[in-house]
Amino acid sequence: MFNTMFGCLYFMGRRKICRPLAMAEDPWGNRSHSDKNEQPPDLDEFFSNLIRHKKKSGGNEPSNDERPPLGNMPDKKIIVLASFLAALIWGASGIYTVNERENGVEIFLGKFTTTTASGLNWHWPAPIGTVEKVDVQSISTMRVGEFQTRKGSVSTHNQREGQMLTKDENIVEIGAAVQYRINDAKAFLYQAKDPIEVLRDVVTSAIREVVGANTVDEVLKDRRNDWPQESRQIIERTLKDYDIGIEIVAFELQDARAPAEVQDAFEDAVRAREDEERLRLEAEAYRNERVPVARGEAEQHIQRAFAYAVSVEEQAKAQASKFNALLAAYRQDKTAMRDRLYLDSVARVYTQTQKILVDNDNARPIINLPTPVASETVVSPQTISAVEEPRAVVEKPKDNKTDKTLTTVPVRTMNGRERPSRTGE
């Protein structure tokens with residue numbers, strides 16, 4: 001700016017056919033030309049001598065001053081105009097524009113003054129004032145960590161940054177991406193020397209803290225979707241405490257795996273856990289299928305048991321009622337009741353046997369027993385009329401065309417005597 005001012009003065013002096021002063025010429029005549037430490041004259045003294053010389057000279061008249069003439073120097077109005085133009089140009093250099101996505105931070109004499117929004121603004125020009133423009137709307141991405149694969153390397157910063165120790169002292173390789181933007185231009189410029197590097201350290205520290213509090217299984221599988229959110233909360237809280245003018249827009253876990261040297265073993269372990277989970281789900285599905293069926297069958301058995309209990313109870317009551325009725329009849333006629341009970345017992349017994357008894361005593365009537373099964377054949381009394389005494393003959397069904405033989409078995413009559421009878425076997 002000062003160069004501009006002196007340039008204007010020089011140009012205007014040339015227009016007045018003013019001879020420029022050489023550095024070797026000494027208008028005061030009291031300085032040695034051989035002085036190597038010669039310094040330029042003081043500006044205030046130069047201008048005061050210039051004005052005084054103009055007043056004394058009065059045009060082309062010689063001056064009584066012993067110093068050599070300075071030539072035709074510019075008058076006072078020209079100097080003032082030149083100074084005004086130089087000041088105007090210097091002031092106009094402080095005009096600046098801020099884009100739509102930016103904020104301006106003005107500095108005056110090394111001290112922050114204000115933050116300006118988008119549009120046309122003015123600040124104190126250099127060297128007493130400056131302005132810094134900061135993009136506060138663009139979203140930037142930072143990648144943290146590095147992980148190795150068998151096919152190659154995916155690098156985001158450095159390998160050591162991505163290797164982290166879990167709670168059970170296993171090493172895992174973490175790769176993450178952080179999206180951020182500047183929300184405070186002043187804090188971003190002056191709160192930290194390198195805010196981007198501070199952000200990287202905060203992100204790495206937060207991930208290490210969360211990974212160190214979980215086991216390798218939780219980091220790689222069980223809590224893979226949960227612990228990145230915990231890391232983001234720690235990052236946001238730390239950035240708020242540091243106040244470096246940066247906010248987190250998104251935090252994404254790109255990959256979490258074991259080192260490449262032990263990747264196969266970890267994959268085998270993961271497959272084993274997946275098989276375990278699959279078998280557990282199949283067992284639960286089978287249980288959910290069979291338990292309702294078993295409960296239904298159990299309920300059916302319970303209902304049948306209740307029905308059987310009711311049936312047995314009713315039968316017992318009926319038998320008790322029948323016994324009470326027989327007891328009353330027995331008390332009235334004991335002999336008749338005894339014979340009746342005997343006949344009922346005999347009928348009950350012979351209904352369960354394959355033998356048929358026939359009494360051929362003409363003196364007594366034939367006792368009608370229950371009808372035998374259809375497969376048995378009854379032999380009439382006429383077929384055994386040659387026998388001296390009544391006999392009971394039973395013919396069993398033919399089995400594989402075997403021959404029949406007649407045997408004699410005792411038969412009890414109503415009067416208590418036993419008589420032999422023949423039966424076929």
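Residue numbering for the sequence shown follows the UniProt record's numbering, beginning at 1 and increasing consecutively.
Cβ atoms here follow ideal geometry from the backbone N, Cα and C, with glycine treated the same way.
My parser needs the beta strand (DSSP E) runs of 3 or more residues fully inside the segment 148-221; what are they?
153-155, 163-165, 171-182
Rounded to a whole number of angstroms, what is the C-alpha to C-alpha distance between Ala272 and Arg287?
22 Å
Below 8 Å between beta carbons: does that hold for Glu173 and Gly212?
no
Give me the Cα-Cα distance between Thr97 and Phe84, rounded to the nearest whole angstrom.
24 Å
Secondary structure of Lys322, DSSP reduced to three states
helix
In three-state terms, what does DSSP make of Ile248?
strand
Determine the direct distance from the alpha carbon of Val349 to that of Tyr308, and round the result to whole angstroms.
A direct Cα-Cα distance of roughly 26 Å separates Tyr308 from Val349.
State buried or exposed for Gly119, treating a residue as buried only when at least 16 other CB atoms are found within 10 Å of its CB.
It counts as exposed.
What is the rounded straight-line gap between the Cα of Ala265 and the Cα of Ile171?
13 Å
Excluding the five sequence neighbours on either side, which residues of its own chain have a C-beta within less than 8 Å of the C-beta of Val249, listed in chain order?
Ile139, Gln179, Tyr180, Arg181
Select from Thr238, Thr335, Asp184, Gln303 the residue whose C-alpha is nearest the C-alpha of Gln137.
Asp184
Three-state secondary structure (DSSP) of Lys334:
helix
Straight-line CA distance for Lys133 to Ala92?
18 Å
Three Cβ pairs or more, each shorter than 8 Å: is that satisfied between the segment 240-249 and the segment 216-231?
no
Note down the Cα distance separating Val291 from Lys240, rounded to an integer number of angstroms.
Val291 and Lys240: Cα-Cα distance of roughly 55 Å.
So, with DSSP's three-state summary, where would you put Asn103?
strand
With distances taken from CA atoms, which of Glu252, Asn99, Arg237, Ile79 is nearest Val202?
Arg237
If you follow the alpha helix (DSSP H) that Thr238 is in, where does it begin and where does it stop?
From DSSP, the alpha helix (DSSP H) with Thr238 extends over 227-242.
Exposed or buried, which one is Ser345 when buried takes at least 16 other CB atoms within 10 Å?
exposed
Report the three-state DSSP secondary structure of Ala258 (helix, strand or coil).
Looking at Ala258 - three-state DSSP - the assignment turns out to be coil, as it is neither helix nor strand.
Within the continuous beta strand (DSSP E) that includes Pro122, where are the two ends?
Before going on, a small fix: residue 122 reads as Trp here, not Pro. Here the beta strand (DSSP E) through Trp122 covers 119-122.
Put Gly91 into one of helix, strand or coil per three-state DSSP.
Helix at Gly91.
Using the Cα positions of Ser190 and Lys77, report the straight-line distance between them to the nearest angstrom.
Here residue 190 turns out to be Tyr, not Ser, going by the sequence shown. One C-alpha to the other measures close to 46 Å.
Where Gln233 and Ile302 are concerned, what is the direct C-alpha to C-alpha distance, given to the nearest angstrom?
58 Å
Do Asp94 and Trp124 have their C-beta atoms closer together than 8 Å?
Position check: residue 94 holds Gly in this sequence, whereas Asp was assumed. Yes, they are a contact pair.
Determine the burial state of Pro127: buried for a count of at least 16 other Cβ atoms within 10 Å of its Cβ, exposed for fewer.
exposed
Quick one: grab the DSSP three-state call for Asp75.
coil
Euclidean distance between Cα positions of Glu274 and Arg280
10 Å
Quick check on the DSSP output: the beta strand (DSSP E) that includes Val134 runs from which residue to which?
129-135
Separation of Lys355 from Ala325, as counted between CA atoms:
Cα-Cα distance, rounded: 32 Å.
Chain-order list of residues whose beta-carbon lies under 6 Å from that of Thr113 (same chain, five-residue window excluded):
Glu106
Classify Arg287 as helix, strand or coil using the three-state DSSP reduction.
helix
Report the three-state DSSP secondary structure of Leu253 (helix, strand or coil).
strand
Consult DSSP for Arg340 and reduce its assignment to one of helix, strand or coil.
helix
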